[in-house]
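Shown next, in structure tokens, is the structure this report addresses.
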Amino acid sequence: MLANNGVASAFVGTVPKDSRKRKMKEVVAETTEQTPAAATSHQINLFNLHGPHFGSINGRHSKVQQVLNNAAPFKPFSFTSLLTAADEDDQDSLSMEIKNQSEQVDQIVLFHNESLRQALAGVLGKHHRTLHRVAEEKVAKKLKAKELELHGKLSENAELSRMVEHYKGEAERLLIRVRCLERTTMALQAGLQEANAARRYAETEQEDAESSFEDPDRVGPVRLDCKACERQLATVMMWPCRHICVCTRCDSLTKVCPVCCSHKTTSVEVCLPLD
1 MLANNGVASA FVGTVPKDSR KRKMKEVVAE TTEQTPAAAT SHQINLFNLH
51 GPHFGSINGR HSKVQQVLNN AAPFKPFSFT SLLTAADEDD QDSLSMEIKN
101 QSEQVDQIVL FHNESLRQAL AGVLGKHHRT LHRVAEEKVA KKLKAKELEL
151 HGKLSENAEL SRMVEHYKGE AERLLIRVRC LERTTMALQA GLQEANAARR
201 YAETEQEDAE SSFEDPDRVG PVRLDCKACE RQLATVMMWP CRHICVCTRC
251 DSLTKVCPVC CSHKTTSVEV CLPLD
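Heads up: the sequence shown begins at 1 in full-length UniProt numbering, then just goes up one per residue.
In structure tokens:
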């Protein structure tokens with residue numbers, strides 16, 4: 001190959017222009033025929049960009065293959081090809097081919113950038129959806145817990161309301177009972193006052209009777225008045241003191257003997273002669 005380059009250089013100064021062009025083309029053809037494998041290898045290494053790393057993105061291997069097939073045919077760069085740069089037509093075609101290949105490479109880069117952007121957008125979207133779902137689950141759990149807590153509070157409030165109503169009713173019943181007891185107490189006090197007045201009146205009458213003259217030989221029945229009400233006849237004997245001092249009506253209300261103030265265990269009704 002170096003010999004061919006030297007022969008081409010020797011012919012540059014002595015051979016005419018047309019003959020020099022023919023010699024350069026022959027040298028280029030001979031060099032191209034001798035290194036087809038190297039040119040093919042260079043072509044494959046330069047434009048074989050559709051490997052496993054590029055063809056697996058988003059299933060667009062066919063589009064990349066089409067672009068690379070359009071960019072595949074090109075002339076290899078070598079020292080011998082530069083010798084033909086004197087020809088203006090060859091320079092124009094080489095510049096155009098380089099421009100086309102550069103545009104195709106730019107298209108490939110743009111295509112892969114777009115594919116990468118879409119893939120990244122998909123990953124980010126999936127991550128965002130996952131975060132959104134997790135946040136919704138957490139919020140749903142918190143809302144459920146709050147609902148359960150609220151339900152418990154409502155149940156407690158309902159139970160407290162029922163207890164309040166129950167105690168209100170009890171308070172009203174107790175108030176009514178207290179009023180009844182007050183009325184009973186007032187009635188008993190009035191009866192006690194009447195009994196005291198009757199007792200005083202009876203004592204006065206008895207004193208008047210004792211002060212009057214009586215026949216000592218006269219025997220008559222003895223009237224035993226009730227020591228509680230002092231209006232009825234005493235016909236009940238208190239036990240165990242055995243005092244006949246209360247009537248049948250006052251017997252149920254009397255707990256102690258009005259005469260000796262001993263505690264009553266029981267009582268017995270007796271029949272006394274009145275005549």
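For glycine and all other residues, C-beta sits at the position ideal for the given N, C-alpha and C. If you're wondering where the values come from, they're calculated on a predicted model, not measured in any experiment.
- Here the alpha carbon of P240 sits roughly 10 angstroms from the alpha carbon of C257.
- For the 8 angstroms CB-CB criterion, T248 and E230 do not form a contact.
- In the structure shown, E230 adopts coil according to DSSP, grouped into three states.
- Per DSSP, the unbroken alpha helix (DSSP H) holding C250 starts and ends at T248 to D251.
- Around the Cβ of A121, a 10 Å sphere holds fewer than 16 other Cβ atoms; the residue is exposed.
- Going by C-alpha positions, S93 is about 53 angstroms away from R129.
- Annotation: H243 to T184 spans about 28 angstroms, alpha carbon to alpha carbon.
- With contacts defined by Cβ atoms closer than 8 angstroms, S262 and M237 do not form a contacting pair.
- Rounded to the nearest whole angstrom, the C-alpha separation of H112 and Q91 is 31 angstroms.
- S267 sits in a strand when the DSSP states are folded into three classes.
- In this model, D106 and A119 are separated by some 20 angstroms (Cα to Cα).
- The three-state secondary structure of C245, taken from DSSP, is strand.
- Taking the Cα of C245 as reference, the smallest distance to any Cα among A228, R177 and K255 is reached at A228.
- No residue range can be given for V256, since it is assigned to no beta strand (DSSP E) and is classified by DSSP as neither H nor E.
- Only exposed fits I176, as fewer than 16 other CB atoms lie within 10 angstroms of its CB.
- Note on C260: under 16 other CB atoms within 10 angstroms of its CB, so exposed under the neighbour-count rule.
- Excluding residues up to 5 positions away in sequence, nothing lies with its Cβ nearer than 7 angstroms to the Cβ of L154 in the same chain.
- Buried is the label assigned to A234, since at least 16 other Cβ atoms lie within 10 Å of its Cβ.
- Residue environment for I108: buried (at least 16 other C-beta atoms within 10 angstroms of its C-beta).
- Rounded to whole angstroms, the gap between the alpha carbons of Y167 and L181 is 21 angstroms.
- Note on geometry: alpha-carbon atoms of R200 and K264 lie some 26 angstroms from one another.
- Across the structure, L110 and S102 are spaced so that their CA atoms are roughly 12 angstroms apart.
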